[in-house]
Amino acid sequence: MNPPLGRLSEYLYALLRIVAGGLFIFHGAQKLFGAFGGHAQPIGSLMGAAGVIETVCGLLIMVGLFGGLAALLASGEMAFAYFMRHQPKAPWPIQNQGELAVLYCFIFLYVAARGSGAYSVDSALHPSRDRHSVGSTPEPIQRAPHRS
Numbered sequence: 002m003n004p005p006l007g008r009l010s011e012y013l014y015a016l017l018r019i020v021a022g023g024l025f026i027f028h029g030a031q032k033l034f035g036a037f038g039g040h041a042q043p044i045g046s047l048m049g050a051a052g053v054i055e056t057v058c059g060l061l062i063m064v065g066l067f068g069g070l071a072a073l074l075a076s077g078e079m080a081f082a083y084f085m086r087h088q089p090k091a092p093w094p095i096q097n098q099g100e101l102a103v104l105y106c107f108i109f110l111y112v113a114a115r116g117s118g119a120y121s122v123d124s125a126l127h128p129s130r131d132r133h134s135v136g137s138t139p140e141p142i143q144r145a146p147h148r149s
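Counting along the sequence shown from 1, when you hit position 23 you're at 24 in the numbering used here, and nothing is skipped either side.
1) Between Val122 and Leu66, which are expected to be in contact by the criterion C-beta below 8 Å, what is the C-beta distance as a whole number of angstroms?
2) So, helix, strand or coil for Leu66, using DSSP?
3) Are Phe27 and Tyr105 close, meaning C-beta to C-beta below 8 Å?
4) Leaving out five residues on either side along the sequence, give the residues of the same chain with a beta carbon under 7 Å from the beta carbon of Leu6.
5) Out of Gly69, Phe84, Phe81, state which residue places its alpha-carbon closest to the alpha-carbon of Ser124.
6) Output yes or no for whether 8 Å exceeds the beta carbon distance between Ile54 and Ala80.
7) CA-CA distance, Thr56 and Gly29?
8) Using the Cα positions of Lys90 and Gly99, report the straight-line distance between them to the nearest angstrom.
9) Exposed or buried, what is Ile44 when buried is set at 16 or more other beta-carbons lying within 10 Å of its beta-carbon?
10) For the candidate residues Arg18, Met2, Ala51, Asn3, whose alpha-carbon lies nearest to that of Tyr120?
11) Using DSSP with H/G/I as helix, E/B as strand and the rest coil, what is Ala91?
12) Can you name the start and end residues of the alpha helix (DSSP H) that Tyr111 belongs to?
13) Between Pro94 and chain B, is any beta-carbon pair separated by less than 8 Å?
14) So Tyr12 is in the alpha helix (DSSP H); what residue range does that whole segment cover?
Structure (structure tokens):
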């Protein structure tokens, strides 16, 4: 059975990558520049380092340049943030306000596994790699004839 939006999967994956990366940039801008209702943090602090990771990795994920590596770093940062800031407050993300950190962590983990995909700078620079990346349509499996 084909999923209802299966034929749009490459477009929707690109949209997921672009939106998640773009929203991550806002979190970085809050920490680095005090923008969007945030408070600027010293660049040498833990929060300042988080702001750099969020801004740089968010941009790389959004445009799809070294997207897999940037997403792996961003996923790790979100796991770290969850266990350092949220989990000590209460056992469940719904109780400790850690849902966003968990969601970002797993979205970026998926991007790290799949790579930048189509509609990215990586695919424009290396068009032959995109066909063989994780998440592309696999070749049909050839089965050996059944012997009795």
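We treat Cβ as the ideally placed atom computed from N, Cα and C, and that holds for glycine.
Computed from a prediction, not measured in an experiment: that's the story for all the values here.
Taking the definition as stated:
1) Between Leu66 and Val122 the Cβ distance is about 4 Å, and since that is below 8 Å, they are a contact.
2) The answer is coil: DSSP assigns Leu66 none of H, G, I, E or B.
3) Contact annotation: Phe27 and Tyr105 have beta-carbon atoms that are not nearer than 8 Å.
4) Cβ within range, chain order: Leu13.
5) Measuring from the Cα of Ser124, the nearest candidate turns out to be Gly69.
6) Going by beta carbons, Ile54 and Ala80 fall outside the 8 Å limit.
7) A straight line joining the alpha-carbon of Thr56 with that of Gly29 spans about 5 Å.
8) If I take the Cα positions, the gap works out to 10 Å.
9) That one is exposed.
10) When each option's Cα is compared against that of Tyr120, the closest is Arg18.
11) Residue state for Ala91 is assigned as coil, using DSSP reduced to three classes.
12) Counting along the chain, the alpha helix (DSSP H) containing Tyr111 begins and ends at 100-115.
13) No chain B appears in the structure shown, which is made up of a single protein chain.
14) Its alpha helix (DSSP H) spans residues 10-34.
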